[in-house]
Amino acid sequence: MNEFVEQCRREWKRLGVSDPLADEMAADLASDLSEAEADGVSAEQLLGTSAFDPSSFAASWAAERGVIPVQPSATNARRRPLFLIAFTGVAAFTLIIAAALLLTGEPKLTLATRPPSGVGGQVHSVSAAAPIEWILLVLATIALGFAARLWSTRGRSHPPTAPA
Amino acid sequence: MLRGVLDLCLLAVIDEGPAYGYEMTKRLRERGLEFVGEGSIYPLLGRLERDGLVETYRAASNGGPPRKYYRPSSAGRIALALGVSEWRAGRDAVDAVLAPVKVEVAT
Chain A
1 MNEFVEQCRR
11 EWKRLGVSDP
21 LADEMAADLA
31 SDLSEAEADG
41 VSAEQLLGTS
51 AFDPSSFAAS
61 WAAERGVIPV
71 QPSATNARRR
81 PLFLIAFTGV
91 AAFTLIIAAA
101 LLLTGEPKLT
111 LATRPPSGVG
121 GQVHSVSAAA
131 PIEWILLVLA
141 TIALGFAARL
151 WSTRGRSHPP
161 TAPA
Chain B
1 MLRGVLDLCL
11 LAVIDEGPAY
21 GYEMTKRLRE
31 RGLEFVGEGS
41 IYPLLGRLER
51 DGLVETYRAA
61 SNGGPPRKYY
71 RPSSAGRIAL
81 ALGVSEWRAG
91 RDAVDAVLAP
101 VKVEVAT
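Order-wise, the sequence lines are chains A and B.
Residue numbers for the first sequence follow our numbering, so the first one is 1 and each next one is one higher.
Residue numbers for the second sequence follow our numbering, so the first one is 1 and each next one is one higher.
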């Protein structure tokens, strides 16, 4: 049983649970296991299948209690709104500009093509279909869709737990 | 649903009187409810504590080391009352659905 508690302690240390909290949880668990053993109750009867997986048990307990410090990945997740706001803004701006250029009928961005030599040698400016505006429009729409997906994913994710 | 019911059972047994972890399992076992399989009460107690549904304090147990006792907080008592009400309504509804079923066990 002591080995089980020690493995729990190692897991809590790995997860960054503070020593006083880990001490408290370990002491409570050790006392309960000792009393159960004195009553003829096995660790499996007390802990279920968790008795065979101290790491998962310890992690689950600490997570439910909210005593695992916020990890760096969670910190990055908090920073995501800034990135998302900028990304969404650029995509929306591009979409508006591309749409405006297409609606005015006078695109400012053109593709220049040079005909094969021997056909006159003139430079033709393609301004009627303005493919660059269409490309920008499509890319901006895709980017906005991607941004919307990121926002919805973020909305569904759980907030980081605060230490008890 | 079952997870919420187990929370409710823990709140119910400590509403009878403060108890530490193993003491709760004994009270539950006396009523025929054992936490089997993957479950143990500790993560559940951790969540109840995090959510402010229980209060804790340390006190000596019968000659043993000081133990962490749990009792329902005000919010926990409200959650218990609401949960019991929901459970009874749900149980009655399920009973109404299952009551006409005639069970025949083939031998």
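All C-beta atoms in this analysis are idealised placements derived from N, C-alpha and C, irrespective of residue type, glycine included.
The model shown is predicted, which means the values in this text are computed figures rather than measured ones.
- G64, P65, R67 and K68: these are the residues of the stretch 55-69 of chain B whose beta carbon lies less than 7 Å from some beta carbon of chain A, given in chain order.
- The beta-carbon of G66(A) is placed less than 8 Å from the nearest beta-carbon of chain B.
- DSSP lists R71(B) as the bridge partner or partners of E55(B).
- At least one beta carbon of chain B lies nearer than 8 Å to the beta carbon of W61(A).
- Looking at the DSSP output, A60(B) shares a beta bridge with P66(B).
- Straight-line measurement puts the Cα of D23(A) at about 8 Å from the Cα of R9(A).
- Counting only the Cα atoms, V17(A) lies some 6 Å from V67(A).
- Within chain A, the residues whose beta carbon sits less than 9 Å from that of G46(B) are M25, S60, W61, A62, A63, E64, R65, G66, V67 and A164, listed in sequence order.
- Of all alpha-carbon atoms in V103(B), G21(B), A96(B) and P66(B), the one lying nearest the alpha-carbon of V54(B) is that of G21(B).
- When the beta-carbon positions are compared, L102(A) and W151(A) stay at least 8 Å from each other.
- The beta carbon of Y69(B) sits closer than 6 Å to those of P18, Y20, Y57 and A59, all from its chain and outside the five residues before and after it, given in chain order.
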